[in-house]
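Peer 1:
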Amino acid sequence: MSMTLPQLTVTGTAEEMGRQYGAHWRDMIHDFVANRVSAVETYLAELGYDTSRLFDAGAACLEQLRGFDADGHAEHLGIAAGAEIDPVLLYTTANMTDVRDIIALPVVDDEGCTAALLPPEISANGHSLQGQTWDLNGPDVKYVIALHRMPDEGPETWTVTCAGCQTLMGMNQHGVTVGTTNLKTKGAKVGIPYLSLLHLALKQETLEAASKIVEQAPVAGSHSYWIGDKDRAVEWERTPQKSTYRTTENGAFVRSNHCLDPENIALESGLSESTHDRFARMQKLLDQSDAHTVESLSMLFADRSDGRLSINRFEEDNSGATTNAVIACNPADLEFLACRGPADQGEWTKLEFERAPVVASA
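Residues in the sequence shown are numbered consecutively from 0, following numbering that gives the first Met the number 0.
This is the structure:
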């Protein structure tokens with residue numbers, strides 16, 4: 000398989016962009032859905048469930064989206080129409096991490112991700128930098144794509160995600176960046192899944208506006224969400240019950256896949272075996288320099304110092320997850336670097352913007 004990151008530009012209304020997206024990657028979307036549904040069928044069967052409750056929960060979450068982000072809802076329906084696939088099936092599959100947890104939390108969470116958020120004080124250009132890995136099922140790497148949105152209304156955006164899915168990790172023309180890592184706590188419920196929340200956040204002109212959306216959204220499941228711009232980054236540890244805030248104004252910080260808030264820690268279930276090792280390693284790497292660049296940040300995600308517990312996760316580690324994509328962001332110069340696969344194996348690409356910022360991110 001080629002490690003080149005496939006790219007597509009879509010234009011027009013939300014629904015039109017969705018249709019272009021779905022039609023372009025129709026076959027890949029169907030394959031992605033079939034593989035994920037097969038995996039969750041096996042998982043639920045082992046627990047004594049069928050998938051009917053799963054898709055009922057997915058349908059309820061999709062209906063919640065209609066009131067939360069009408070354009071995002073229309074765009075998803077457009078993707079499904081273009082791909083000629085049932086919209087509930089696609090939405091449930093795309094947001095499987097959250098919808099599955101409404102039915103039953105996994106005993107052990109093999110999913111991952113490591114995020115690094117840098118204040119201006121430790122970057123060479125004197126501006127904030129952000130980046131992360133996206134670690135999940137190894138076979139999903141073949142579905143990783145970069146979607147370039149040029150809407151009639153709203154900012155130009157780039158996202159690195161899976162075919163058929165909305166925003167996972169991204170940057171917009173105003174230099175607002177977003178990303179996420181998975182957390183697992185009890186209490187998942189019908190609400191707004193993570194991709195829809197990130198999709199709306201990335202459509203905002205400022206970090207503050209995006210942050211408010213993440214803070215207040217009626218989320219379905221637990222995740223950390225980070226938002227960055229040229230001056231700083233903030234993060235929300237979100238569960239359906241609580242919002243906990245951090246900022247780089249207090250220094251660089253890292254996130255992997257365990258909670259930091261004591262109340263949330265008490266609700267955790269099935270931690271990744273590598274989450275604490277990855278967290279400690281990335282913090283140590285950030286502390287070793289006060290002149291990080293977007294390029295040097297991208298290579299921190301290639302670190303293999305801890306073997307199978309490393310930031311950079313390989314299929315041969317047999318950990319249940321591999322690094323399927325990586326991003327590194329320099330919002331001050333609208334530099335959005337991305338690769339498909341591990342940081343030292345994928346082909347790094349700069350995803351270019353065509354529109355200049357109208358309102359500077361503050």
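Virtual Cβ for every residue (Gly too), placed ideally from N, Cα, C.
It should be emphasised that the depicted structure is a prediction, and the values quoted were computed from it without experimental measurement.
Can you tell me which of the three DSSP states Pro239 falls into?
Peer 2: Residue state, collapsed to three classes: coil.
Peer 1: Is the CB-CB distance between Tyr90 and Leu53 below 8 Å?
Peer 2: Not closer than 8 Å, so no.
Peer 1: For Val385 versus Gln63, is the C-beta spacing smaller than 8 Å?
Peer 2: An answer regarding residue 385 cannot be provided, because it is not within the stretch 0 to 361 covered by the chain.
Peer 1: To the nearest angstrom, how far is the alpha carbon of Gly71 from that of Ser268?
Peer 2: Going from the Cα of Gly71 to the Cα of Ser268 covers about 31 Å.
Peer 1: Would you identify the three-state DSSP class for Thr246, choosing helix, strand or coil?
Peer 2: Correct three-state label for Thr246: strand.
Peer 1: For a test of the three-state rule: what should DSSP assign to Pro330, helix, strand or coil?
Peer 2: In this structure, Pro330 counts as helix in the three-state DSSP scheme.
Peer 1: Which partner residues does Asn94 have in the DSSP bridge list?
Peer 2: None, per the DSSP bridge assignment.
Peer 1: Go through the stretch 5-93 residue by residue and report every complete run of the beta strand (DSSP E) that reaches 3 residues or more, in order.
Peer 2: Within the stretch 5-93, the complete beta strand (DSSP E) runs of at least 3 residues are 6-11.
Peer 1: Could you spell out the range, first to last residue, of the alpha helix (DSSP H) harbouring Arg277?
Peer 2: That run of the alpha helix (DSSP H) goes Thr274 to Asp286.
Peer 1: For the candidate residues Gln240, Asp289 and Arg303, whose alpha-carbon lies nearest to that of Arg277?
Peer 2: The option with the nearest alpha carbon to Arg277 is Arg303.
Peer 1: I'd like the span of the alpha helix (DSSP H) that includes Pro154, first residue to last.
Peer 2: Where Pro154 is concerned, there is no enclosing alpha helix (DSSP H), given that its DSSP letter is neither H nor E.
Peer 1: Grab me the residues of Lys183's own chain with a C-beta within less than 8 Å of its C-beta, minus the 5 sequence neighbours each way, in chain order.
Peer 2: Closer than 8 Å at Cβ, skipping near neighbours: Asp100, Leu104, Pro105, Asp108, Ser221, Asn256, Glu267, Ser268, Gly269 and Leu270.
Peer 1: I'd like to check one pair, Pro330 with Ser127: are the Cβ atoms closer than 8 Å?
Peer 2: Yes, they are a contact pair.
Peer 1: Rounded to whole angstroms, what is the Cα-Cα separation between Thr92 and Glu294?
Peer 2: About 33 Å.
Peer 1: Please classify Pro217: is it buried, with 16 or more other beta-carbons within 10 angstroms of its beta-carbon, or exposed?
Peer 2: Exposed, because fewer than 16 other Cβ atoms sit within 10 Å of the Cβ of Pro217.
Peer 1: For Thr8, I'd like the list of residues in its chain whose CB is within less than 7 Å of its CB, leaving aside the five on either flank, ordered along the chain.
Peer 2: Excluding sequence neighbours, Thr8 sits near His147 and Met149.
Peer 1: Roughly how many angstroms separate the alpha carbons of Val159 and Gly174, rounded to a whole number?
Peer 2: If you take the alpha carbons of Val159 and Gly174, they lie about 15 Å apart.
Peer 1: So is Gly306 buried or exposed if we call it buried at 16+ other beta carbons inside 10 Å?
Peer 2: Result: exposed.
Peer 1: How should Tyr244 be labelled, buried or exposed, when 16 other C-beta atoms within 10 angstroms of its C-beta is the threshold for buried?
Peer 2: Flag for Tyr244 reads exposed.
Peer 1: Taking all protein chains shown into account, do 16 or more other C-beta atoms lie within 10 angstroms of the C-beta of Gln215, making it buried, or fewer, making it exposed?
Peer 2: The residue is exposed, with fewer than 16 neighbouring Cβ atoms inside 10 Å.
Peer 1: For Pro261, count neighbouring C-beta atoms within 10 Å of its own C-beta (all shown protein chains included) and say buried if the count is 16 or more, exposed if not.
Peer 2: When all chains shown are included, Pro261 counts as exposed.
Peer 1: Mind checking Ala145: buried by the 16 CB within 10 Å criterion, or exposed?
Peer 2: It counts as buried.
Peer 1: Using beta-carbon positions only, say whether Ala324 and Trp133 come within less than 8 Å of one another.
Peer 2: Against a cut-off of 8 Å, the Cβ pair of Trp133 and Ala324 comes out as a contact.
Peer 1: Would you identify the three-state DSSP class for Val325, choosing helix, strand or coil?
Peer 2: In the structure shown, Val325 sits in a strand (DSSP, three-state: E or B).
Peer 1: On the criterion of 16 or more Cβ atoms from any shown chain inside 10 Å, does Leu299 qualify as buried, or is it exposed?
Peer 2: Counting Cβ neighbours within 10 Å, Leu299 comes out buried, since at least 16 surround it.
Peer 1: If I measure Cβ to Cβ from Asp316 and keep anything under 7 Å in the same chain, skipping five residues before and after, which residues do I get?
Peer 2: Cβ within range, chain order: Arg307.
Peer 1: Under the assumption that Phe313 contacts Leu116 (Cβ atoms under 8 Å), give the Cβ distance between them as a whole number of angstroms.
Peer 2: Not really, about 25 Å apart at Cβ, beyond 8 Å.
Peer 1: What's the call for Asp139, buried or exposed, on a 16-neighbour Cβ count within 10 Å?
Peer 2: Per the 10 Å Cβ criterion, buried.
Peer 1: One question on the structure: do Thr21 and Gly77 come within less than 8 Å of each other, judged by their Cβ atoms?
Peer 2: Reading off the sequence, residue 21 comes out as Gly, not Thr. Yes, Cβ-Cβ distance for Gly21 and Gly77 is below 8 Å.
Peer 1: Do you know how far the Cα of Asn181 is from the Cα of Asn263?
Peer 2: Rounded to whole angstroms, Asn263 to Asn181 spans 13 Å at the Cα level.
Peer 1: Could you tell me which residues DSSP pairs with Glu267 in its beta bridges?
Peer 2: For Glu267, which the question treats as bridged, DSSP gives the partners Thr184.
Peer 1: Pick from Gly169, His198, Pro118 and Pro119: whose alpha carbon is nearest that of Gln131?
Peer 2: Selected option, being the one with the closest Cα: Gly169.
Peer 1: Between which two residues does the alpha helix (DSSP H) harbouring Ile212 extend?
Peer 2: Leu206 to Gln215 is the span of the alpha helix (DSSP H), which, as asked, contains Ile212.
Peer 1: Which residues mark the beginning and the end of the alpha helix (DSSP H) in which Leu197 is found?
Peer 2: From DSSP, the alpha helix (DSSP H) with Leu197 extends over Tyr193 to Leu201.
Peer 1: From Leu43 to Met95, what does the alpha carbon distance come to, in whole angstroms?
Peer 2: Roughly 12 Å separates the two Cα atoms.
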